[in-house]
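In what follows, a structure is listed as structure tokens, so that the remarks can point back to it.
Number of protein chains: 2
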Amino acid sequence: MKRPTIADVARRAGVSKGAVSYALNGQPGVSEATRQRILAIATEIGFSPSSAARALSAATAEAVGLALCRPARILGIEPFFMELISGVEAELSARSYALTLQVVADHDAEIAVYRRWWGERRVDGVLVCDLRTDDRRIPALEQLQLPAVVIGGPGGTGELASLWSDDAAALTETVEYLVALGHRRIARVGGLPDLRHTEIRTDAFTAVCQRLGLVDAVTVWSDYTGEEGGRATRRLLSSGQRPTAVIYDNDVMAIAGLSVAQEMGLTVPADLSIVAWDDSPLCRLVHPPLTALGRDIPAYGAHAARQLLAVIAGQPATRVQDETPHLTPRGSTAPPRVR
Amino acid sequence: MKRPTIADVARRAGVSKGAVSYALNGQPGVSEATRQRILAIATEIGFSPSSAARALSAATAEAVGLALCRPARILGIEPFFMELISGVEAELSARSYALTLQVVADHDAEIAVYRRWWGERRVDGVLVCDLRTDDRRIPALEQLQLPAVVIGGPGGTGELASLWSDDAAALTETVEYLVALGHRRIARVGGLPDLRHTEIRTDAFTAVCQRLGLVDAVTVWSDYTGEEGGRATRRLLSSGQRPTAVIYDNDVMAIAGLSVAQEMGLTVPADLSIVAWDDSPLCRLVHPPLTALGRDIPAYGAHAARQLLAVIAGQPATRVQDETPHLTPRGSTAPPRVR
DNA sequence: CCGATGTGCTGAACCGGGCAAGTTCAGCGC
DNA sequence: GCGCTGAACTTGCCCGGTTCAGCACATCGG
Numbered sequence: 001m002k003r004p005t006i007a008d009v010a011r012r013a014g015v016s017k018g019a020v021s022y023a024l025n026g027q028p029g030v031s032e033a034t035r036q037r038i039l040a041i042a043t044e045i046g047f048s049p050s051s052a053a054r055a056l057s058a059a060t061a062e063a064v065g066l067a068l069c070r071p072a073r074i075l076g077i078e079p080f081f082m083e084l085i086s087g088v089e090a091e092l093s094a095r096s097y098a099l100t101l102q103v104v105a106d107h108d109a110e111i112a113v114y115r116r117w118w119g120e121r122r123v124d125g126v127l128v129c130d131l132r133t134d135d136r137r138i139p140a141l142e143q144l145q146l147p148a149v150v151i152g153g154p155g156g157t158g159e160l161a162s163l164w165s166d167d168a169a170a171l172t173e174t175v176e177y178l179v180a181l182g183h184r185r186i187a188r189v190g191g192l193p194d195l196r197h198t199e200i201r202t203d204a205f206t207a208v209c210q211r212l213g214l215v216d217a218v219t220v221w222s223d224y225t226g227e228e229g230g231r232a233t234r235r236l237l238s239s240g241q242r243p244t245a246v247i248y249d250n251d252v253m254a255i256a257g258l259s260v261a262q263e264m265g266l267t268v269p270a271d272l273s274i275v276a277w278d279d280s281p282l283c284r285l286v287h288p289p290l291t292a293l294g295r296d297i298p299a300y301g302a303h304a305a306r307q308l309l310a311v312i313a314g315q316p317a318t319r320v321q322d323e324t325p326h327l328t329p330r331g332s333t334a335p336p337r338v339r
Numbered sequence: 001m002k003r004p005t006i007a008d009v010a011r012r013a014g015v016s017k018g019a020v021s022y023a024l025n026g027q028p029g030v031s032e033a034t035r036q037r038i039l040a041i042a043t044e045i046g047f048s049p050s051s052a053a054r055a056l057s058a059a060t061a062e063a064v065g066l067a068l069c070r071p072a073r074i075l076g077i078e079p080f081f082m083e084l085i086s087g088v089e090a091e092l093s094a095r096s097y098a099l100t101l102q103v104v105a106d107h108d109a110e111i112a113v114y115r116r117w118w119g120e121r122r123v124d125g126v127l128v129c130d131l132r133t134d135d136r137r138i139p140a141l142e143q144l145q146l147p148a149v150v151i152g153g154p155g156g157t158g159e160l161a162s163l164w165s166d167d168a169a170a171l172t173e174t175v176e177y178l179v180a181l182g183h184r185r186i187a188r189v190g191g192l193p194d195l196r197h198t199e200i201r202t203d204a205f206t207a208v209c210q211r212l213g214l215v216d217a218v219t220v221w222s223d224y225t226g227e228e229g230g231r232a233t234r235r236l237l238s239s240g241q242r243p244t245a246v247i248y249d250n251d252v253m254a255i256a257g258l259s260v261a262q263e264m265g266l267t268v269p270a271d272l273s274i275v276a277w278d279d280s281p282l283c284r285l286v287h288p289p290l291t292a293l294g295r296d297i298p299a300y301g302a303h304a305a306r307q308l309l310a311v312i313a314g315q316p317a318t319r320v321q322d323e324t325p326h327l328t329p330r331g332s333t334a335p336p337r338v339r
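Protein chains in written order, with my numbering: chain A, 1 to 339; chain B, 1 to 339.
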């Protein structure tokens, strides 16, 4: 099927393509009667302007890029990314921007993708996920002068716009809650240690435990997978002075931890309290349902998308703190059983 | 930063931009010496061709589209889509095709997106998910003559290319296995009833149960969420003649079902055997780990992407059956306890 | 020594919109 | 009737690649 061009509309309307262009873009230069006639014809023959031609003359792609740098296995199991994407997408499609997605193996590949996208003018800007400490992508993006919003922080984002949630405050609140319940031995199963938000959470955990005098507080690292989360839990629960509460850096590890606790004959929450970060529907599926730190992830994505569109429009890069994750207590937390 | 164009390369090399085009695309028309000189200059000044300009002249977008028609909540919780995307993406990026993603509310919106994408020449083809019975998208795509591969079937895909796995065979094998273990009362918690693959599974379930003389076989429908899966399970287990085995159409519902069974004081697998469709890491997290019907979803996506690229290249639409899901027995299935 | 064949390159048209500049013409004041 | 203005168009170039016709020059056979 031959797709109609602006010239086809112009021919049918008996005007020049310049007139059609003015009519379709709501610009002055055509009479209202002509505009209506042109719009009617455009609708009738199903015309929509070629994004390539428009991109070529406007030097803009009407698309933003998102590169995901995690293996398929982990991408799939964490609801985070899909929810983020759907929030980003809602905001973009409302302004008829497209979202271009690419899965990459490592940061070098990711930087190469950014370079190619920008060189090919395939995207007008990018969203950056999973910020690390000393992230090589930041200087690379600054050098390219590619509009970007970093999802993560605060700090370590150079001159780029960024968006984060106050994980430190959320973690502090959680520890204080557990202490109020009577817990003194609290452990934490962290995510990948070189991610910036893991570092922030670890620092906050150390600080609040010190302030409250919890000498046995310990963080062990994992990789967000259930296998590792389970193994870490088994190690924690096998130690002499085992913790009475564990905070997990994602829901998948928390569920694995719950499973390990039950396998080892412990009752949750009487023998062990469990808190999960990222409150997905998974947390409500298991028995007992998990107390979790949640937030509106699609809204987070939408926020980031708006910020990126602003940067693309030439506005100065902003650094914004989003909603702080809030604790939803469920059946997996309780005062520790007195032994 | 001004991004270099083909004219910049031509000027520096002292040749016409036509010569540069030949050199970069490996076409005859330039001497080897000139080609090397041009390539060196292109690399030096960091030239990469504008995808818009190329798209305009080649009438191709070098991109394929994927519209997802499910709410964010469900998209996030099912590992299926993210794994599929990562498989699709691996195949596409190897040929430097981009993947454009859009989340839509319903089929009308999805058809509108296809129409817009095709009119704007934003994509060269699309992948269609979640095939329904009497799916309106099929005739719409045929009418647009937009290259497409339907992920789902067999049947109901019109003249379009399609890819499916033999769910009927997998379900039959599963029922036979449960019967071999000694189960006679088997129930199934299905997904959304108007999805084509739900229908196929339901038909296969009815057929095999009839063949094996399982008169109590029953299918109840759900919507893939844990809440609904749990409710359905509660209803099944509260009935007079409760089943000794339940097959769930996804892993999330299976986990919810496991939780409900435990909450009702039943032991899995002694009192109730559970089989999940879609073997994600979640199935190994819970206690006991779930027997599941699995397959390589990234490979499925890669396969679909290859098929789509073939259709875009003008080859005839093919209908291909992919790998059949295979049963991985774990701790959630056993012979029923004799009462 | 002349035409035939090839090689290596140039110049221009083309893809489909956007937009600045140019053209036409009705209307109005004087 | 002249001069001017502004509305309502048209014309033509631009964006950055691709591709094709054509041209200069070399090479070769007869």
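Here a beta-carbon is modelled for each residue, glycine too, at the ideal position from N, C-alpha and C.
- Query: With 16 as the cutoff for other CB atoms within 10 Å, does residue 210 of chain B come out buried or exposed?
  - Reply: Exposed.
- Query: Can you name the residues of chain B whose CB is closer than 8 Å to the CB of residue 46 of chain A?
  - Reply: Ordered by position in chain B, the residues that pass the 8 Å Cβ test against residue 46 of chain A are 115 and 119.
- Query: The alpha helix (DSSP H) with residue 107 of chain A in it runs from where to where?
  - Reply: Per DSSP, residue 107 of chain A belongs to the alpha helix (DSSP H) from 107–119.
- Query: Using the rule of at least 16 other Cβ atoms within 10 Å of the residue's Cβ for burial, across every protein chain shown, is residue 137 of chain B buried or exposed?
  - Reply: Counting the other Cβ atoms within 10 Å of the Cβ of residue 137 of chain B gives 16 or more, which makes it buried.
- Query: For residue 104 of chain B versus residue 69 of chain B, is the C-beta distance shorter than 8 Å?
  - Reply: Contact: yes.
- Take the Cβ of residue 334 of chain B as the centre, count every other Cβ of all protein chains shown within 10 Å, and call the residue buried at 16 or more, exposed below. buried
- Task: Verify whether the separation of the beta carbon atoms of residue 168 of chain A and residue 121 of chain A is less than 8 Å.
- Result: In this structure, residue 121 of chain A does not lie closer than 8 Å to residue 168 of chain A by Cβ.
- Item | Neighbour flag for residue 151 of chain B against chain A, beta carbons, 8 Å | no
- Message: Any beta carbon of chain A sitting closer than 8 Å to that of residue 264 of chain B?
- Response: False, the Cβ-Cβ gap to chain A never drops below 8 Å.
- Can you grab the Cα-Cα spacing for the pair residue 325 of chain A / residue 279 of chain A, in whole Å? 9 Å
- Message: Quick check on this structure: which residue in A/118, A/95, A/261 and A/152 has the alpha carbon closest to the alpha carbon of residue 237 of chain A?
- Response: Minimum Cα distance to residue 237 of chain A is reached at A/261.
- Message: Just to confirm, is the Cβ distance from residue 37 of chain A to residue 19 of chain A under 8 Å?
- Response: Going by C-beta atoms, residue 37 of chain A is not nearer than 8 Å to residue 19 of chain A.
- Cβ of residue 275 of chain A within 8 Å of Cβ of residue 257 of chain A? no
- Task: May I ask which residues mark the beginning and end of the alpha helix (DSSP H) holding residue 20 of chain A?
- Result: 17–24
- Item | DSSP three-state assignment for residue 319 of chain B, whether helix, strand or coil | strand
- Message: Closer than 8 Å is the cut-off here; do at least three beta carbon pairs connect the region 193–205 of chain A with the region 216–223 of chain A?
- Response: yes
- State the DSSP-derived secondary structure class of residue 238 of chain A, mapped to helix, strand or coil. Here residue 238 of chain A sits in helix by DSSP.
- Item | Within chain B, partners of residue 102 of chain A - CB distance below 9 Å | Going along chain B in sequence order, the residues near residue 102 of chain A (Cβ under 9 Å) are 89, 92, 93, 98 and 99.
- Assigned secondary structure, residue 225 of chain B (DSSP; H/G/I helix, E/B strand, else coil): coil
- Task: Round the Cβ separation of residue 158 of chain A and residue 131 of chain A to the nearest angstrom and send it over; I've been treating them as touching at under 8 Å.
- Result: Their Cβ separation, rounded to whole angstroms, is 11 Å, which puts residue 158 of chain A and residue 131 of chain A out of contact at 8 Å.
- Candidates B/229, B/27 and B/53: closest to residue 6 of chain B by CA position: B/53
- Message: Helix, strand or coil, according to DSSP, for residue 9 of chain A in the structure here?
- Response: helix
- Roughly how many angstroms lie between the CA atoms of residue 43 of chain B and residue 145 of chain A, to the nearest whole one? 19 Å
- Query: Do the region 73–90 of chain A and the region 73–93 of chain B meet, that is, are 3 or more Cβ pairs less than 8 Å apart?
  - Reply: yes
- Closest to residue 35 of chain B by CA distance: which of B/45, B/21 and B/111 is it? Its Cα nearest to that of residue 35 of chain B, the residue B/21 stands out among B/45, B/21 and B/111.
- Residues that residue 282 of chain B contacts on chain A, provided the C-beta gap is smaller than 8 Å: 77, 226, 252, 255 and 282
- What first and last residue would you give for the beta strand (DSSP E) that runs through residue 190 of chain A? Run containing residue 190 of chain A: 186–190, per the beta strand (DSSP E) assignment.
- Message: Rounding to the nearest angstrom, what Cα-Cα distance links residue 240 of chain A and residue 259 of chain B in this structure?
- Response: Distance between the alpha carbons of residue 240 of chain A and residue 259 of chain B is about 31 Å.
- residue 252 of chain A beta carbon less than 8 Å from that of residue 192 of chain B: no
- For residue 77 of chain B, does the three-state DSSP call read helix, strand or coil? Here residue 77 of chain B sits in helix by DSSP.
- Kindly give me the distance between the Cβ atoms of residue 244 of chain A and residue 273 of chain A, rounded to whole angstroms, as I take these residues to be in contact under 8 Å. Rounded to the nearest angstrom, the Cβ distance from residue 244 of chain A to residue 273 of chain A is 7 Å, consistent with a contact under 8 Å.
- Message: Would residue 311 of chain A and residue 161 of chain A be called neighbours here (beta carbons separated by less than 8 Å)?
- Response: yes
- Query: Quick one: which chain A residues come within Cβ less than 9 Å of residue 56 of chain B?
  - Reply: 50, 52, 53, 55 and 56
- Helix or strand or just coil, what does DSSP make of residue 102 of chain A? strand
- Out of A/41, A/89, A/115 and A/151, which has the shortest C-alpha to C-alpha gap to residue 75 of chain B? A/89
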